[in-house]
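K.L.:
Throughout the sequence shown, residue numbering follows our numbering, covering 47 to 138 in sequence. Backbone N, C-alpha and C fix where the C-beta goes; we use that ideal spot for every residue, glycine too. My questions all concern the structure below.
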Amino acid sequence: MEIILSIVIVVLQLLFVIMFISMLMSWIDMEQRFSFTRAIRGIVEPLIAPIRSVIPPIGVLDLSFFVAIILLQLMISLVKSVNLGGFSFLPF
């Protein structure tokens, strides 16, 4: 069980990094012709779209990324606490 939870934590942390890269790419306005950009956005957009439908962008500021990152960090904390045998939302 510990191995499965550790794998889930690594996958969630990798998803966090991918979401962060996608957020930076949206600020820099990377071109869609790069396959790397399309791959990153293909992973992130299905996760962001439901949040974006509830919280629409305010001008150029897209809060859905921030909400998704906060939710992802809460999930990571929850899985870490279950992995350690406790149920605390502390980040460490």
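Within its chain, find whatever has a CB closer than 6 Å to the CB of phenylalanine 111; leave out the 5 residues flanking it on each side and keep chain order.
P.N.:
Closer than 6 Å at Cβ, skipping near neighbours: Met69.
K.L.:
How should valine 90 be labelled, buried or exposed, when 16 other C-beta atoms within 10 angstroms of its C-beta is the threshold for buried?
P.N.:
The residue in question, valine 90, is buried, as its Cβ has 16 or more Cβ neighbours within 10 Å.
K.L.:
Would you say leucine 60 and valine 125 are within 8 Å of each other, going by their C-beta atoms?
P.N.:
Going by C-beta atoms, leucine 60 is not nearer than 8 Å to valine 125.
K.L.:
By the three-class DSSP mapping on this structure, what secondary structure does isoleucine 86 have?
P.N.:
Residue state, collapsed to three classes: helix.
K.L.:
According to DSSP, is isoleucine 122 helix, strand or coil?
P.N.:
DSSP places isoleucine 122 in helix when its eight states are reduced to three.
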